[in-house]
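**Q**
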Amino acid sequence: MMITATATAAAMLMLLQQAPAEGTDWDAEFGVEQKQRDPVTGELPVDPYEQSNANAGAAPYDSAKLVADFGGREGIARIAARTVDLSEADPRIADIFAAHDMVRLKRTLGEQFCFLLGAGCDYTGRDMRSAHAEMGVTKADLNALVENLQRAMGEAGVPFSSQYRLLAKLAPMSRDVVVR
Amino acid sequence: MTLLAPCLAALCQAAVTASVPAAAETVPTIAFQPVIDAEPVIEPVIEAGAESGSNPQLAVAPMPLDHAPTRRAIAPLDETNALGGGGLRIGKVDMFKGGKLLLTNGISTVEGSSGGGIARWATIGGRQMPGGIGISGHATAVELPDFGWRSYGVAVGFGDRLELSYARANFDTRDVGALLGIGQGYTFNQDIYGAKLRLAGDVVYGTSWLPQIAVGIEHKRNLDGGLVQALGAGDDSGTDYTISATKLLLARSVLVNATLRYTEANQLGLLGFGSAAGEEYKLQFEGSLGYQLSRRAVIGAEYRTKPDNLGLGEDDWMDIFAAYALTDNLTLAAAYVDLGSIATISGQRGGFLSAQIAF
Chain A
1 MMITATATAA
11 AMLMLLQQAP
21 AEGTDWDAEF
31 GVEQKQRDPV
41 TGELPVDPYE
51 QSNANAGAAP
61 YDSAKLVADF
71 GGREGIARIA
81 ARTVDLSEAD
91 PRIADIFAAH
101 DMVRLKRTLG
111 EQFCFLLGAG
121 CDYTGRDMRS
131 AHAEMGVTKA
141 DLNALVENLQ
151 RAMGEAGVPF
161 SSQYRLLAKL
171 APMSRDVVVR
Chain B
181 MTLLAPCLAA
191 LCQAAVTASV
201 PAAAETVPTI
211 AFQPVIDAEP
221 VIEPVIEAGA
231 ESGSNPQLAV
241 APMPLDHAPT
251 RRAIAPLDET
261 NALGGGGLRI
271 GKVDMFKGGK
281 LLLTNGISTV
291 EGSSGGGIAR
301 WATIGGRQMP
311 GGIGISGHAT
321 AVELPDFGWR
331 SYGVAVGFGD
341 RLELSYARAN
351 FDTRDVGALL
361 GIGQGYTFNQ
371 DIYGAKLRLA
381 GDVVYGTSWL
391 PQIAVGIEHK
401 RNLDGGLVQA
411 LGAGDDSGTD
421 YTISATKLLL
431 ARSVLVNATL
441 RYTEANQLGL
451 LGFGSAAGEE
461 YKLQFEGSLG
471 YQLSRRAVIG
481 AEYRTKPDNL
491 GLGEDDWMDI
501 FAAYALTDNL
511 TLAAAYVDLG
521 SIATISGQRG
531 GFLSAQIAF
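Protein sequences appear in the order of chains A and B.
In this text, residue positions in the first sequence follow my numbering: the first is 1, and each later residue adds one.
In this text, residue positions in the second sequence follow my numbering: the first is 181, and each later residue adds one.
What follows is the structure, encoded as structure tokens:
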């Protein structure tokens, strides 16, 4: 009697534990949303937010010389992309970048630099506080990013005093970025 | 013979299986993740149920080895990562890990504190970040027409909050010693114990008009008490109280520092404190202006007012300096200094050389 009951229970258990059918859509089972990159821009979609140049976090410069020092809009975009590449490969801060859309970051960071330097771009990214929310950025992380930006600007031949003028716009934003 | 027979049969069977690889196809496959101990082999994904029919092969997703955190996690230990990227970690405290931007830990003053050579700044010594402990050591030589001055010391920084420092200053009177009747090459010595606490602000970040502000003390013990009192000093030890504000104005590449020092020291204390005639504490000013030429190089000038408690014509000090961060950890500074009149001997203008090592 006892043996029969045990056997039945075991059989039931075996039945329940049967391997799921091949080709199960696990993402659908667990409600994972698959984000598709935009075929044109290559960026992942983001939640909607209000776009404004005020999100760039500071007023722009008005100096043609400064823009020329950075190599115009193209030079600025290259410096932003290089900064992101360097940071992604920088063991001190790579983990912060790993979970984010680098394609979008390169574009928005380039727009922000371009706007702040007065090269005539509009900034379409989010404000600094919400863009860095829950990243747990420290001052040491910020220093690492500054060093990467300085390296990118140095490689692009930007004069040191002009490098510092861009940093002068960015440094006060630490209040919105550094959380611990 | 009877014992060998099954053995041979087994061997034979093994040989047959090996020589007929087609037989393996019928063996049921068990899904497994390959152990990563060699080059990752990325198997082509075979459509389930295609061609082989009854025996669909399971597609094993390749490990994302190009992912930076994964790459670091499985990288073999060597000297660059064994200490977790530089420094030691004791509990939750990073020891000597560094992280500060170049030159933002200042140049050790002759009194051992982080500053600009002769003026104290609000910066904290060492290269540590918040939550870390750093250390910095310096050796400075000042060569004057009639005197030689050496200073060496160490400062420990706790986060971006507190600095504790010690310095020893030796002031060689050379020929003037004989002239003053205290002996050829008589050397005044002094120990300086310092503490500095950052109250607010950041030298680089944060609100652009708010400088880094720090208060501090420097307790000085002259080791030639009898002599300095014979020279007219009131005491052989004393404490300076300081408040400093320092900011790097990025838009101008200019570093500005202002320090107020409440002190009774004569020639920083090398000639004692106050006077037997009753001269006491006075408020003095130290100012620095620096222009940063590159990430590693800065030039500038400093001015430091001093009291004349002993009536020996003690002058204000000034210098023009250049500093260079040779590596992340080694900063060299050279300056032209004008220390005016020291112990009645005027025209003490000369060279200042300093090396600072910081972690």
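We treat Cβ as the ideally placed atom computed from N, Cα and C, and that holds for glycine.
Give the range of the alpha helix (DSSP H) segment to which Thr-108(A) is assigned.
**A** 102-116
**Q** Can you tell me whether Glu-47(A) is buried or exposed, with buried defined as 16 or more other CB within 10 angstroms of its CB?
**A** The identity of residue 47(A) in the sequence shown is Asp, whereas the question assumes Glu. Exposed.
**Q** Kindly give me the distance between the Cβ atoms of Gly-527(B) and Pro-325(B), rounded to whole angstroms, as I take these residues to be in contact under 8 Å.
**A** 6 Å
**Q** What residues from chain B crowd round Gln-150(A), counting only those whose CB sits closer than 7 Å?
**A** Arg-475
**Q** For Val-137(A), which option in Glu-22(A), Asp-95(A), Ser-52(A) has the closest C-alpha, if you only look at C-alpha atoms?
**A** Asp-95(A)
**Q** In angstroms with no decimal places, state the Cα-to-Cα distance between Ser-130(A) and Ala-56(A).
**A** Inter-residue distance for Ser-130(A) and Ala-56(A) is about 12 Å (C-alpha atoms, whole angstroms).
**Q** Interface residues of chain B around Ala-171(A) at Cβ under 8 Å?
**A** Val-384, Tyr-385, Gly-386, Ser-388, Leu-430
**Q** So if DSSP puts Ser-63(A) in a beta bridge, which residue, or which two residues, is it bridged to?
**A** Ser-63(A) pairs with nothing; no bridge assigned.
**Q** Taking Cβ to Cβ, would you say Leu-573(B) is nearer than 9 Å to Ala-513(B)?
**A** Absent from the model: residue 573(B). The displayed extent of chain B is 181 to 539, so no value can be given.
**Q** Ile-304(B) and Gly-333(B): beta carbons closer than 9 Å?
**A** It is not a contact, given that the beta carbons lie outside the stated cut-off.
**Q** When you compare only the Cα positions, how much space is there between Tyr-164(A) and Cys-114(A)?
**A** Spanning the two alpha carbons is a distance of roughly 15 Å.
**Q** CA-CA distance, Leu-377(B) and Ser-345(B)?
**A** One alpha carbon belongs to Leu-377(B), the other to Ser-345(B), and they sit about 12 Å apart.
**Q** Please confirm if Lys-65(A) has its CB atom under 9 Å from at least one CB of chain B.
**A** no
**Q** Just list the residues that DSSP pairs Phe-501(B) with in beta bridges.
**A** Partner(s): Gly-480(B), Ala-515(B).
**Q** Does DSSP classify Gln-370(B) as helix, strand or coil?
**A** strand
**Q** Mind pulling the beta strand (DSSP E) runs of 3 or more residues that sit fully within the stretch 413-450 of chain B?
**A** You should have 417-429, 434-443.
**Q** Drop a sphere of 10 angstroms on the beta-carbon of Ile-254(B), count the other beta-carbons inside from all chains shown, and report buried for 16 or more, exposed for fewer.
**A** exposed
**Q** How close, in whole Å, do the beta carbons of Phe-111(A) and Gly-120(A) come, if the pair is a contact with beta carbons under 8 Å?
**A** Residue 111(A) is actually Glu in this sequence, not Phe. Not really, about 11 Å apart at Cβ, beyond 8 Å.
**Q** Below 8 Å, is the gap between the Cβ of Ala-477(B) and the nearest heavy atom of the ligand ADP?
**A** Among the ligands in the structure shown, none appear at all, so the ligand ADP cannot be discussed.
**Q** Please check if any C-beta of chain B sits within less than 9 Å of the C-beta of Ala-68(A).
**A** no
**Q** For Ala-168(A), which of Ala-11(A), Gln-150(A), Val-103(A) has the nearest alpha-carbon?
**A** Gln-150(A)
**Q** Would you mind telling me which residues of chain B sit closer than 8 Å to Phe-30(A), beta carbon to beta carbon, in chain order?
**A** Neighbours of Phe-30(A) on chain B: none; closest Cβ ~16 Å, over 8 Å.
**Q** Suppose you measure from the CA of Gln-51(A) to the CA of Glu-29(A); what does that come to, to the nearest Å?
**A** 35 Å
**Q** Suppose the cutoff is 7 Å on Cβ atoms and the five residues either side in sequence are ignored; what does the same chain contact list for Leu-183(B) look like?
**A** At Leu-183(B), the pLDDT of 46 sits below 50, so the modelled position is not reliable and the matter cannot be decided from this model.
**Q** Using a beta-carbon distance below 9 Å, is Phe-160(A) in contact with chain B?
**A** yes
**Q** Leaving out five residues on either side along the sequence, give the residues of the same chain with a beta carbon under 8 Å from the beta carbon of Lys-272(B).
**A** Excluding residues within five positions, the ones whose Cβ falls inside 8 Å are Gly-311.
**Q** Would you mind reading off the limits of the alpha helix (DSSP H) that contains Ile-96(A)?
**A** 94-98
**Q** Measuring only the C-alpha atoms, how far is Met-309(B) from Arg-175(A)?
**A** 16 Å
**Q** If you measure from the beta carbon of Lys-106(A) to each beta carbon in chain B, is any gap under 9 Å?
**A** no
**Q** On the three-state DSSP scale, how would you describe Tyr-49(A)?
**A** coil
**Q** Going along chain A, which residues have a C-beta under 8 Å from Leu-379(B)?
**A** Those within 8 Å of Leu-379(B) in chain A number zero; the least Cβ separation is about 17 Å.
**Q** Distance, Cα to Cα, Ile-93(A) vs Ala-144(A)?
**A** Between Ile-93(A) and Ala-144(A), the C-alpha separation is close to 7 Å.
**Q** What residue range does the beta strand (DSSP E) around Trp-329(B) cover?
**A** Segment 328-338, the beta strand (DSSP E) holding Trp-329(B).
**Q** Specify, as a first and last residue, the run of the alpha helix (DSSP H) that Ile-522(B) falls within.
**A** Ile-522(B) -> no alpha helix (DSSP H), and no H or E assigned at all.
**Q** Could you give the first and the last residue of the continuous alpha helix (DSSP H) run that contains Asn-402(B)?
**A** For Asn-402(B), no alpha helix (DSSP H) run applies; the uninterrupted beta strand (DSSP E) run containing it begins and ends at 392-402, by DSSP.
**Q** Closest by CA to Val-40(A), which one among Val-103(A), Leu-66(A), Ala-156(A), Thr-4(A)?
**A** Per the Cα distances, Val-103(A).
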